[in-house]
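Novice: Please see the structure below; I have some questions.
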Amino acid sequence: MAIASEPPKHGFRLSQLLYDTRYRSMTIQVVVMMMFMAFAAWLVDNTVSNLAARGKDFNFGFLGVRSGYDIGQRLIAYDSDSTHARAMLVGLLNTLLVSFLGCIVATVIGVFVGVLRLSKNWLVARLMTIYVEIFRNVPVLLWILIILAVFTEAAPLPNAFKEGGDASMMLFDSIAVTNRYTAVPDPLFSRSLGNIDIGIFLISSDLLALIAAIVAGWYARRIVLRRATFVQNATGERPVTWWKSAALLILPGVLTLWALGFHLGYPSLQGFNFTGGINVSNAFMSLWLALSLYTGAFIAEIVRSGVMAISHGQTEAAYALGLRPGRTMNLVILPQALRVIIPPLISQFLNLTKNSSLAIATGYLDLRGTLGGITLNQTGRELETVLLMMLIYLVLSLMISGAMNIYNASVKLKER
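Residue numbers (the working numbering): 103 to 518.
Dropping the structure here:
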């Protein structure tokens with residue numbers, strides 16, 4: 103009786119790294135990684151050699167040197183005796199401020215205009231189309247300069263707001279737009295909790311308390327809605343929750359403000375300038391409005407395309423159930439359209455954040471104006487400052503993208 107012999111075993115051969123599919127992909131990746139590392143090493147060596155030839159080295163010691171320049175608008179304490187690192191932090195906070203406010207306003211404008219572009223009213227739809235086409239097809243830098251020119255040339259002087267003058271304040275005499283700045287009310291607390299000193303800057307305890315109250319109310323609202331869903335699944339009837347949701351979203355913040363003695367310090371004209379409020383520079387206002395209006399036009403198209411991506415049968419089904427057009431849009435169409443809207447919306451938020459570097463055209467000192475402008479010119483550390491700016495913008499972009507991707511995952515279609 104013949105005994106079946108085992109197939110001969112072959113040892114590992116170097117040719118398998120190229121011709122065996124089990125190893126070829128790994129071989130290619132290792133080779134590419136080695137080539138990339140070699141290129142990076144050459145680039146670093148070449149840079150160090152060129153710096154040495156010019157009598158320079160690579161260090162960030164300049165960040166601890168006195169800056170020697172002032173920054174008009176700032177969120178933390180700063181003067182000309184502060185270091186370049188402090189100036190960089192002030193510029194970064196200015197960038198975050200205009201980017202955050204710009205993203206909020208651009209989103210509101212985009213959703214509003216995007217929905218109105220689909221209106222059956224011909225005039226409304228055409229007006230929204232004109233806005234979108236005009237702002238999308240003109241560079242944002244031109245809009246920044248145009249709006250800055252309107253503020254500086256068309257707005258009146260501060261002394262024009264005196265009694266009997268040619269100008270008047272807006273919104274119940276609380277806001278004054280001048281050719282130098284925009285005077286707005288200052289939020290004040292008569293029972294303030296003080297500030298927390300973390301070494302780099304002070305954090306308002308009042309702001310932290312307000313944020314904590316709002317977050318607590320939001321989580322409580324989620325618990326109420328989850329409970330309502332559980333009752334609905336068990337009994338078939340959903341309890342009325344709208345007034346509970348509204349109370350939990352509004353009351354915690356309002357009660358916190360009342361407990362802290364919140365009130366507004368209204369600006370008033372004293373001599374040739376306004377005092378008692380906050381004088382926001384027109385450089386910031388023009389940059390904020392231009393970025394918001396420009397990005398809002400792109401977001402409007404994203405919203406419009408997202409709504410149009412939803413099957414018309416969804417609208418017909420909602421109408422058949424007796425829902426009105428407004429509630430159909432809020433409860434049926436937009437929740438489904440978010441899955442289409444959010445991915446390109448992330449790109450628009452990133453574009454707005456990076457476009458904020460155009461603030462140098464208005465004189466608003468953001469990260470580009472401080473670290474990449476005055477600090478670079480004073481210290482001559484162009485390589486270090488540019489690398490720092492690249493790293494900071496990279497981190498900001500990744501943080502925005504990560505936060506929006508988390509939100510995108512929370513609203514995506516849940517499949518069973």
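C-beta atoms are modelled at their ideal positions from N, C-alpha and C, and glycine is treated no differently.
#1: On the DSSP letters alone, give me the boundaries of the beta strand (DSSP E) that Asn297 sits inside.
#2: With H, G and I counted as helix, E and B as strand and the rest as coil, what does DSSP make of Met272?
#3: Quick check on DSSP: helix, strand or coil for Pro289?
#4: CA-CA distance, Thr284 and Leu290?
#5: Would a C-beta distance cut-off of 7 Å place Gly166 and Leu469 closer than the cut-off?
#6: Please name the residue, chosen from Asn453, Ile476, Arg406 and Val356, that lies closest to Met431 on a Cα-to-Cα basis.
#7: With a cut-off of 7 Å, does the C-beta of Pro446 fall near any C-beta of chain B?
#8: Cα-Cα, which of Thr197, Leu353 and Leu309 is closest to Leu452?
#9: Where does Ala476 fall in DSSP's three states?
#10: So Arg329 and Leu350 are in contact, right, with Cβ under 8 Å, and what is the actual spacing, rounded?
#11: Determine, using beta carbons only, whether Ser270 and Pro287 come nearer to each other than 7 Å.
#12: When burial is assigned at 16 or more other CB atoms within 10 Å of the CB, is Asn239 buried or exposed?
#13: Distance check for Met139 and Ile130, CA to CA, integer angstroms please.
#14: Thinking just about the alpha-carbon of each residue, which of Ser512, Pro258 and Leu447 is nearest to the one in Ser503?
#15: Whether or not the stretch 356–366 and the stretch 290–310 are in contact is what I'm after, with contact meaning three or more pairs of Cβ atoms, one per stretch, closer than 8 Å; do they touch?
#16: What span of residues does the alpha helix (DSSP H) with Asn432 cover, start to end?
#17: Less than 8 Å between the CB atoms is what I'm expecting for Gln450 and Thr397, so what's the real figure, rounded?
#18: Which stretch, first to last residue, makes up the beta strand (DSSP E) that contains Leu489?
#19: Following the continuous beta strand (DSSP E) through Val382, name the residue where it begins and the one where it ends.
#20: What residue does the beta strand (DSSP E) around Thr377 start on, and which one ends it?
#21: Could you pull the start and end residues of the alpha helix (DSSP H) that Phe237 belongs to?
#22: DSSP three-state label for Phe303, please.
#23: Taking Ala257 as the reference, which of Ser383, Leu195, Met136 and Val434 has the closest Cα?
#24: Count the other C-beta atoms from every protein chain shown that fall within 10 angstroms of the C-beta of Ala392, then say buried if there are 16 or more, exposed otherwise.
#25: Rounded to the nearest angstrom, what separates Ala227 and Ile443 at their Cα positions?
Specialist: Quick answer:
#1: Within the sequence shown, residue 297 is the residue found at index 195, counting from 1. Here the beta strand (DSSP E) through Asn297 covers Asn297 to Asp299.
#2: Along the sequence shown, one-based indexing puts residue 272 at 170. It is a strand residue.
#3: Taking the sequence shown and counting its residues from 1, the one referred to as residue 289 is at position 187. Correct three-state label for Pro289: strand.
#4: Numbered from its first residue, the sequence shown carries residue 284 at position 182. Numbered from its first residue, the sequence shown carries residue 290 at position 188. Between Thr284 and Leu290, the C-alpha separation is close to 18 Å.
#5: As a first step, residue 166 is located in the sequence shown; it is residue number 64 there, counting from the start. As a first step, residue 469 is located in the sequence shown; it is residue number 367 there, counting from the start. No.
#6: Counting from 1 along the sequence shown, the entry for residue 431 is found at position 329. Nearest C-alpha to Met431: Arg406.
#7: The chain inventory of the structure shown lacks chain B, comprising one protein chain alone.
#8: Within the sequence shown, the letter at position 350 stands for residue 452. Residue Thr197 is the option with its Cα nearest to Leu452.
#9: Start at 1 with the first residue of the sequence shown, and residue 476 comes out as number 374. Note on residue identity: the sequence assigns Ile, not Ala, to residue 476. It is helical.
#10: Taking the first residue of the sequence shown as 1, we reach residue 329 at position 227. Taking the first residue of the sequence shown as 1, we reach residue 350 at position 248. That pair is no contact at about 12 Å.
#11: Walking along the sequence shown from the start, residue 270 turns up at place 168. Walking along the sequence shown from the start, residue 287 turns up at place 185. It is not a contact, given that the beta carbons lie outside the stated cut-off.
#12: To locate residue 239, count along the sequence shown from 1; it is residue 137. So Asn239 ends up on the exposed side.
#13: Position 28 of the sequence shown, counted from the first residue, corresponds to residue 130. Position 37 of the sequence shown, counted from the first residue, corresponds to residue 139. So the alpha carbons of these two residues sit roughly 14 Å apart.
#14: As a working note, residue 503 is residue 401 in the sequence shown. Among Ser512, Pro258 and Leu447, the Cα nearest to that of Ser503 is on Leu447.
#15: yes
#16: Locating residue 432 in the sequence shown gives position 330, where the first residue counts as 1. Looking at the DSSP string, Asn432 is not in any alpha helix (DSSP H), and its letter there is neither H nor E.
#17: Locating residue 450 in the sequence shown gives position 348, counting from the first residue. Locating residue 397 in the sequence shown gives position 295, counting from the first residue. That belief holds up - the Cβ atoms of Gln450 and Thr397 are roughly 5 Å apart, short of 8 Å.
#18: Locating residue 489 in the sequence shown gives position 387, counting from the first residue. Leu489 -> not in any beta strand (DSSP E); alpha helix (DSSP H) instead, spanning Glu484 to Val513.
#19: Here residue 382 refers to the residue found at position 280 when the sequence shown is read from its first residue. Note, Val382: beta strand (DSSP E), Ile380 to Ser383.
#20: Stepping through the sequence shown from its first residue, residue 377 is reached at position 275. Where Thr377 is concerned, the enclosing beta strand (DSSP E) stretches over Asn375 to Thr377.
#21: Taking the first residue of the sequence shown as 1, we reach residue 237 at position 135. Its alpha helix (DSSP H) spans residues Trp224 to Arg238.
#22: What you label residue 303 is simply residue 201 of the sequence shown in a count that begins at 1. Reduced to three states, the DSSP call for Phe303 is coil.
#23: Locating residue 257 in the sequence shown gives position 155, where the first residue counts as 1. Comparing Cα-Cα distances from Ala257 to each of Ser383, Leu195, Met136 and Val434, the minimum goes to Ser383.
#24: Position 290 of the sequence shown, counted from the start, is the residue given in the question as residue 392. By the 10 Å Cβ count, Ala392 comes out buried.
#25: For this step, residue 227 is matched to residue 125 along the sequence shown. For this step, residue 443 is matched to residue 341 along the sequence shown. Answer to the nearest angstrom: the Cα atoms are 20 Å apart.
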